[in-house]
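Here the structure comes first, spelled out in structure tokens, and everything after it is commentary.
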Amino acid sequence: MLDRIGFGWRVLATGLSFTLFGLGGLLLRVLVFPLLAVCVTDTTARVRAARATVRLSFRAFVGIMRGLGVLRYDVHGIHKLDREGQLILANHPTLIDTVFLIAFVRNADCIVKGGLVRNPFTRGPVRAAGYICNDRGPELIEDCIASLRAGGNLIIFPEGTRTSRGEPSALKRGAANIAVRGARPVTPVRISCEPPTLGKGDKWWHVPPRRASFRIDVMDDIGTERFLAPGVSDVVAARRLTDYLQRYFMEEGQQHA
11 MLDRIGFGWR VLATGLSFTL FGLGGLLLRV LVFPLLAVCV TDTTARVRAA RATVRLSFRA
71 FVGIMRGLGV LRYDVHGIHK LDREGQLILA NHPTLIDTVF LIAFVRNADC IVKGGLVRNP
131 FTRGPVRAAG YICNDRGPEL IEDCIASLRA GGNLIIFPEG TRTSRGEPSA LKRGAANIAV
191 RGARPVTPVR ISCEPPTLGK GDKWWHVPPR RASFRIDVMD DIGTERFLAP GVSDVVAARR
251 LTDYLQRYFM EEGQQHA
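Going by the numbering used here, the sequence shown opens with residue 11, and the numbers climb by one from there.
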């Protein structure tokens, strides 16, 4: 009986959490960011202030989910994210991975789907924070490199989508191209969740039988120099880095398992 009550509460609390998330995004769009646009005239300062606002909002959101008993989380190596101009690559097991990372990364930038720019609940924060839209075509990589050079901490999921449960993930080369052409080391982040929840194909009400436990591990940087031997083109170097990251994340996932 207690297990059924606990399960029912987590379904209710999860729905409440996402409702608050949507309302919070709407509030930021109609009230906070217009006020910010009036008070902060410098574009760079305004973007940084908007990103700080989003970070604190996301930090509050995951705190609410933890307080309601929906989930618990542990972050290891958080000090490694206290820099500027970092290229942060993470695996993508759940719907709220982006929320977790932005909640703990200052001046975070990320690549968002075009639909989020048009969504009434998310377009306010997305536009105000200057996040990069994925419909930029050939200019996308240059936009990402420019963000890093300006001091933004760019968060990318090399898989391009949430990991399909039980299936090996295939990394795309976009993130490696940014690292190679931008001459940036990679800061890998490993996210795990047990029991699995909010994965690809899951609805928000597909609540696991017990409270989900998230673990976020910030790993040591991976330099790009080893992949850039004399005479090696950027294309080849990006392919080598992608292959390395593919094995790296698979091995880290096996160790966590």
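Here a beta-carbon is modelled for each residue, glycine too, at the ideal position from N, C-alpha and C.
- When the alpha-carbon of Phe114 is set against those of Ile88, Leu99, Leu105, Phe131, the nearest one is in Ile88.
- DSSP places Thr197 in no alpha helix (DSSP H) but in the uninterrupted beta strand (DSSP E) bounded by 196–204.
- In the same chain as Met75, and ignoring 5 residues on each side of it, the C-beta atoms closer than 7 angstroms to its own belong to Ser27, Leu81, in chain order.
- In this chain, the beta strand (DSSP E) harbouring Ser223 covers 222–228.
- Between Ser174 and His216, the alpha-carbon positions lie close to 15 angstroms from each other.
- 8 angstroms or more divides the Cβ of Ile165 from the Cβ of Leu78.
- The DSSP assignment places 53–77 as complete runs of the alpha helix (DSSP H) inside the segment 46–107, in order along the chain (cut-off: 4 residues).
- Contact between the segment 96–107 and the segment 32–46 is absent: fewer than three C-beta pairs spanning the two stretches fall below 8 angstroms.
- Relative to the Cα of Glu261, the nearest Cα in the group Met229, Glu235, Asp244 belongs to Met229.
- Pro205 and Asp52 have their C-alpha atoms roughly 45 angstroms apart.
- Gly161 and Trp19 have their alpha carbons spaced roughly 42 angstroms apart.
- Just measuring C-alpha positions, the residue of Ala222, Thr197, Ala248, Arg250 sitting nearest Arg93 is Thr197.
- Inter-segment contact for the segment 126–139 and the segment 31–44 is present: three or more beta-carbon pairs are separated by less than 8 angstroms.
- Under a 10 Å Cβ-count criterion, Thr54 is classified as exposed, with fewer than 16 other Cβ atoms of the shown protein chains found around its own Cβ.
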